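Visitor: Under the numbering used here, the sequence shown has 116 at position 116, and the numbering climbs by one with no breaks.
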Amino acid sequence: MKFSHISDTHLGLVQYGLEEREQDIYNSFNQAIDISINDKVDFVIFAGDVFHTPTPSGTAILQMANALKRLKQNGIESFFVLGEHDISRVRTTPIPYVYHNLEFSKYIGREEPVYYKNVMIIGLDKIRKNEMEGLEEKFSKLESLASKHDGHKILVLHQGITEVNKFAGEINSTDLPKNFTYYAMGHLHDKFLKQYEHLKGPLVYPGSTDMTSNQGDVEKGFFEVDISETDAKPEWKKLDTRLQIIEKIEFEKIDSGIQELNEKISKLEKKPIIKIKIKGDNLERDVIERKFTELASKSLHFSWELSKEEDESSVFLNRPAQIDQELFKLAVNALKSEKLAHIAINELLPLLSTRQVDSATQVVIENFSNFSEKENDS
Numbered sequence: 001m002k003f004s005h006i007s008d009t010h011l012g013l014v015q016y017g018l019e020e021r022e023q024d025i026y027n028s029f030n031q032a033i034d035i036s037i038n039d040k041v042d043f044v045i046f047a048g049d050v051f052h053t054p055t056p057s058g059t060a061i062l063q064m065a066n067a068l069k070r071l072k073q074n075g076i077e078s079f080f081v082l083g084e085h086d087i088s089r090v091r092t093t094p095i096p097y098v099y100h101n102l103e104f105s106k107y108i109g110r111e112e113p114v115y116y117k118n119v120m121i122i123g124l125d126k127i128r129k130n131e132m133e134g135l136e137e138k139f140s141k142l143e144s145l146a147s148k149h150d151g152h153k154i155l156v157l158h159q160g161i162t163e164v165n166k167f168a169g170e171i172n173s174t175d176l177p178k179n180f181t182y183y184a185m186g187h188l189h190d191k192f193l194k195q196y197e198h199l200k201g202p203l204v205y206p207g208s209t210d211m212t213s214n215q216g217d218v219e220k221g222f223f224e225v226d227i228s229e230t231d232a233k234p235e236w237k238k239l240d241t242r243l244q245i246i247e248k249i250e251f252e253k254i255d256s257g258i259q260e261l262n263e264k265i266s267k268l269e270k271k272p273i274i275k276i277k278i279k280g281d282n283l284e285r286d287v288i289e290r291k292f293t294e295l296a297s298k299s300l301h302f303s304w305e306l307s308k309e310e311d312e313s314s315v316f317l318n319r320p321a322q323i324d325q326e327l328f329k330l331a332v333n334a335l336k337s338e339k340l341a342h343i344a345i346n347e348l349l350p351l352l353s354t355r356q357v358d359s360a361t362q363v364v365i366e367n368f369s370n371f372s373e374k375e376n377d378s
């Protein structure tokens, strides 16, 4: 028996405002579905962020519906939890619930076990940092359920693990219930697989199925997991995605750097996305623009910027480990209110950083009403 572990498909994302990039996202997703069908997996797990926004376009909704229909037609069940991009801050029913209600797929984000043959699958929707209270009790309950089941036990979470990414992590691997034979993770967009000594099975992130930011030339795909025996055995399935290139070039070597890039992309079927960082002093922008004219014409999306002497990665790595606390302190100092700081950092910032403007506006409206009512009461 085997299953596919797919995550962070972000259907509906229109990167750089380009229709071609929206179609790329759909193509990568459908590749994962096609491979799963051709390899005759028994079921598919979607580990959150099916859509890029809680209010996806009709095209994105149909892409998911058609994929689930094809899985069903081939006798393949599917299960899903919700990521933060699937959950609206406005009080409304998440779009993916429709697939559950129509029996296209099974929603498993309520911490209640579902069973496929002798496999127990339990999932939790995305839990934000300000919602962590009670998580230890939830995990204790899941641990108890897993210990009573003799077959494979799969835990599906859309969370960041601190040991994997300390800046995007919300919980530690040691917080997780110990007795699951596979931890199907979502949320982090890079591939990751590790067997921790304190967990029974591997902790696995397949990453996003396509590029959602400037990641450079990184493999994208998903995992097929063989659970025919006692141990879960994940196998990586690479997807054919559009090449994204990030290069650093010293201005003195810009001509040779451009020539190398032209040679690199000359045989590509799809125009790549290219971002270049130029190192140098007192550079004239119009001179650089002229040099990049031909390369830009061969790219789907081309951008360049002047690189600072200090490497951006070193700045990132030197950020405070408790960055949320630091941001919160700054917000309190600026707003003179812990309540307003909480709203700004924990509510508005995550929404605005992912361009969920409508949801952010609703948060402002709701909290304005709440504060107005309290002032009137006083």
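Where is the CB? At the ideal position from N, CA and C, for every residue including glycine. From a predicted model like this one, the values you see are computed outputs, not experimental measurements.
Any chance the segment 192 to 203 sits against the segment 116 to 124, with 3 or more Cβ pairs inside 8 Å?
Guide: no
Visitor: Need the endpoints of the alpha helix (DSSP H) that Gln259 sits in, please.
Guide: 254 to 265
Visitor: State the Cα-Cα distance for the pair His100 and Asn282, rounded to the nearest angstrom.
Guide: 59 Å
Visitor: Fully enclosed by the segment 83 to 151, which beta strand (DSSP E) runs are 3 residues long or longer?
Guide: DSSP runs (the beta strand (DSSP E)) wholly in the segment 83 to 151: 114 to 116, 119 to 124.
Visitor: Closest to Pro272 by CA distance: which of Ile171, Pro56, Glu294, Arg242 is it?
Guide: Arg242
Visitor: Given Ile258, which residues of its chain have a CB within under 6 Å of its CB, disregarding the five upstream and five downstream residues?
Guide: Leu295
Visitor: Using the Cα positions of Ile33 and Ala67, report the straight-line distance between them to the nearest angstrom.
Guide: 7 Å
Visitor: Cα-Cα, which of Met132, Ile246, Gly160, Ser173 is closest to Gly379?
Guide: Because the chain spans 1 through 378 in this model, residue 379 falls outside it and cannot be assessed.
Visitor: Sort Arg70, Glu19, Gln23, Gln15 by Cα distance to Asp38 and report the nearest one.
Guide: It is Asn, not Asp, that sits at residue 38 in the sequence shown. It is Arg70 whose Cα lies nearest to the Cα of Asn38.
Visitor: With distances taken between CB atoms, is the gap from Lys237 to Val225 smaller than 8 Å?
Guide: Not in contact: Lys237 and Val225 (Cβ atoms no closer than 8 Å).
Visitor: Under 8 Å between the Cβ atoms of Thr55 and Phe29?
Guide: Contact: no.
Visitor: Using beta-carbon positions only, say whether Ile95 and Asp210 come within less than 8 Å of one another.
Guide: no
Visitor: Do the CB positions of Phe139 and Pro177 come within less than 8 Å of each other?
Guide: yes
Visitor: Round the Cβ separation of Gly109 and Leu82 to the nearest angstrom and send it over; I've been treating them as touching at under 8 Å.
Guide: 5 Å
Visitor: In three-state DSSP terms, what is Ile61?
Guide: helix
Visitor: Quick check on the DSSP output: the beta strand (DSSP E) that includes Glu382 runs from which residue to which?
Guide: Examination of residue 382 is not possible in this model, given that the chain is present from 1 through 378 alone.
Visitor: Would the beta-carbon of Ala168 fall within 8 Å of that of Leu188?
Guide: yes
Visitor: Assuming Lys291 is part of the alpha helix (DSSP H), what are its boundary residues?
Guide: That run of the alpha helix (DSSP H) goes 285 to 291.
Visitor: Could you say which of Asn27, His5, His52, Leu18 lies nearest to Leu11 if we only look at CA atoms?
Guide: The residue with the shortest Cα to Cα distance from Leu11 is His52.
Visitor: Any beta carbon of chain C sitting closer than 8 Å to that of Met132?
Guide: The chain labelled as chain C is not found in the depicted structure, where only one protein chain is given.
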